[in-house]
Amino acid sequence: MARRLSWQDLQASGSAIATRLSLQDLQCLVRRKPACSAADRAEAAAAADGGKGRHLAKALSVPDLIAIGVGSTIGAGIYVLVGTVAREHAGPALTLSFLIAGIAAALSALCYAELSCRFPSAGSAYHYSYICIGESVAWLIGWALILEYTIGGSSVARGISPNLALFFGGHEKLPFFLTQIHVKWLDTPLDPCAAILVLIVTALLCLGIKESSFVEGIITIANVIVMLFVICAGGYLAFQNGWSGYNDKQGYFPNGVTGVFSGSATLFFAYIGFDAVASTAEEVKNPQRDLPMGMCLTLSLCCFLYMMVSVVIVGLVPYYALDPNTPISSAFAQYGMQWAVYVISTGAVLALVASLIGAILPQPRIVMAMARDGLLPPLFSAVDPTTQVPTLSTILSGICAAFLALFMDVSQLAGMVSVGTLLAFTMVAISVLIIRYAPPNEIAMRVALPVCPLSVTLCNVIYRTVVVPGLRYAAGGHSNCLAGVPPPQPGSAD
Numbered sequence: 012m013a014r015r016l017s018w019q020d021l022q023a024s025g026s027a028i029a030t031r032l033s034l035q036d037l038q039c040l041v042r043r044k045p046a047c048s049a050a051d052r053a054e055a056a057a058a059a060d061g062g063k064g065r066h067l068a069k070a071l072s073v074p075d076l077i078a079i080g081v082g083s084t085i086g087a088g089i090y091v092l093v094g095t096v097a098r099e100h101a102g103p104a105l106t107l108s109f110l111i112a113g114i115a116a117a118l119s120a121l122c123y124a125e126l127s128c129r130f131p132s133a134g135s136a137y138h139y140s141y142i143c144i145g146e147s148v149a150w151l152i153g154w155a156l157i158l159e160y161t162i163g164g165s166s167v168a169r170g171i172s173p174n175l176a177l178f179f180g181g182h183e184k185l186p187f188f189l190t191q192i193h194v195k196w197l198d199t200p201l202d203p204c205a206a207i208l209v210l211i212v213t214a215l216l217c218l219g220i221k222e223s224s225f226v227e228g229i230i231t232i233a234n235v236i237v238m239l240f241v242i243c244a245g246g247y248l249a250f251q252n253g254w255s256g257y258n259d260k261q262g263y264f265p266n267g268v269t270g271v272f273s274g275s276a277t278l279f280f281a282y283i284g285f286d287a288v289a290s291t292a293e294e295v296k297n298p299q300r301d302l303p304m305g306m307c308l309t310l311s312l313c314c315f316l317y318m319m320v321s322v323v324i325v326g327l328v329p330y331y332a333l334d335p336n337t338p339i340s341s342a343f344a345q346y347g348m349q350w351a352v353y354v355i356s357t358g359a360v361l362a363l364v365a366s367l368i369g370a371i372l373p374q375p376r377i378v379m380a381m382a383r384d385g386l387l388p389p390l391f392s393a394v395d396p397t398t399q400v401p402t403l404s405t406i407l408s409g410i411c412a413a414f415l416a417l418f419m420d421v422s423q424l425a426g427m428v429s430v431g432t433l434l435a436f437t438m439v440a441i442s443v444l445i446i447r448y449a450p451p452n453e454i455a456m457r458v459a460l461p462v463c464p465l466s467v468t469l470c471n472v473i474y475r476t477v478v479v480p481g482l483r484y485a486a487g488g489h490s491n492c493l494a495g496v497p498p499p500q501p502g503s504a505d
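Residue numbering for the sequence shown follows my numbering, starting at 12 and increasing by one per position.
Structure representation (structure tokens):
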């Protein structure tokens, strides 16, 4: 005769089932992706067949990576930041602020370089977090990166038409297709020029990674030439006038060491862009060699250009006399070189276009990686067999960015983007420690950073002491600086 179940038995059974379900849910949150997943093995096999298939093209080399990295990093913000940071924070020590920010970015880039060598697959920080930490953190990082690239690209696109106003004699003389349209029932003016440009860049990215990197390289070279013009012409003028900008009674550190570090907190965001290189790891011909070289050369070139521009501009004009809106153009104008303003404005527009390409390029690859792992619908993982790019993901990313660029003032969301960026950088640094001291069996130890503990430790220390204290100011102007608009001044109304 079967025993009748009591209320206590039902309670015990329910508790056991609930415990089992919660443990299963917890395991789903912390489960890690194998280092060599089925999707990665399928992609590797497809890439090795020698023919075009439904996989990303292995077409990028070191010059392509440098073009993508430098184009993504050097935005129009450099034409604004030198004046803002010099006036409000560092003074003549602006060059040291650029150097400290570059060191912080370089330590993070070294972590990206090692992980991208070990796991040369699309997905960047999302992919590394999934392998080393767990699914829940990877899901959070993936969406943070999608948000970063979407809002960053939209903000850059909205900054193009204001920067073009100089060539037409002012905002009121812009052609109708470049002007921002004010609608009564909208607080933010519509910007059809920004939306159209985003769609044009999206169409370019759908043609193929080689074509995209080629166009990015041409634009980046032109932008670097403009910066070299600023360095050479400005250096000559400063030399002729005895570097008068440094002859100040307050000395080299008018705001002390604190001003140098607070300035570096803002300037840190001028180096963000090397992570776009990591997102193309699956499309690099020789990732173990080319990815570290591409990232290191990208940061080295950007740091050199930033420091040289800061040396020249502060030497031309005293830091307190720099125009916070157009510091470089106004410095040349004070020496009677009005024509140089057009050259510098051309460089700002080119920097915006290069940054736009660099912002939209990684996003569909993040979406594709998440779709491969089942965190997004599988249709977003499809790769066009002809162009060998994730066409559907690229089109979706471009439409979302174009919509934001048309309707929204995305600079209001810059703080969220900046926090997401720092979160991704921190998770990458933690992933390096995990992979170094508790490596999965599937990982072949072919590439290792010899100073891994030091680099990861310093990376997190600098984040805490340099970047985080100035996060409110820096984050508030992150998207604005990308678009070539001055960040909010300290003490201004929110």
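Virtual Cβ for every residue (Gly too), placed ideally from N, Cα, C.
Judged by their CB atoms, residue 155 and residue 385 are not nearer to each other than the 9 Å cut-off.
Of the other Cβ atoms in all chains shown, 16 or more fall within 10 Å of the Cβ of residue 282; this residue is therefore buried. For residue 375, the uninterrupted alpha helix (DSSP H) segment begins and ends at 373-383. For residue 130, the number of other beta carbons within 10 angstroms of its own is at least 16, and it is reported as buried.
The beta-carbon distance between residue 90 and residue 355, rounded to whole angstroms, is 7 Å. This is short enough to meet the 8 Å contact definition. Between residue 83 and residue 280, the C-beta gap is not smaller than 9 Å, which leaves the two residues out of contact. The C-beta distance from residue 256 to residue 325 rounds to 5 Å, short enough to meet the 8 Å contact threshold.
Between residue 115 and residue 196, the alpha-carbon positions lie close to 44 Å from each other. When DSSP states are grouped into helix, strand and coil, residue 192 belongs to the strand group. Taking C-beta separations shorter than 8 Å and ignoring five residues to either side along the sequence, the partners of residue 292 in its chain run 127, 130, 131, 132, 133, 135, 298 and 302, following chain order. For residue 399, no alpha helix (DSSP H) encloses it, and the DSSP letter there is neither H nor E. Put simply, of 308, 290 and 319 the residue whose alpha carbon is nearest the alpha carbon of residue 157 is 290.
Burial of residue 405 is indicated by the presence of at least 16 other C-beta atoms within 10 angstroms of its C-beta. Separation of the CB atoms of residue 68 and residue 260 is rounded to 59 Å, and the pair is thereby denied contact status at 8 Å. With a cut-off of 8 Å on Cβ pairs, the stretch 364-372 is not in contact with the stretch 338-350, counting fewer than three such pairs. Cβ atoms of residue 387 and residue 378 come within 8 Å of each other, at about 6 Å.
Linking residue 211 to residue 266 through their CA atoms gives a straight-line distance of about 45 Å. When beta bridges are read from the DSSP output, residue 295 appears opposite 71.
Taken through DSSP and simplified to helix, strand or coil, residue 239 comes out as helix.
Counting C-beta atoms within 10 angstroms of its own C-beta, residue 138 has 16 or more neighbours from the protein chains shown and is therefore classed as buried.
Contact annotation: the stretch 314-325 touches the stretch 229-245, with at least three C-beta pairs closer than 8 Å.
With distances taken between CA atoms, residue 249 lies nearest to 327 out of 201, 190, 327 and 179. Runs of the beta strand (DSSP E) lying entirely within the stretch 126-187, each at least 3 residues long, are absent. Distances from the CA of residue 443 to each of 113, 121 and 263 were compared; the closest alpha carbon is that of 121.
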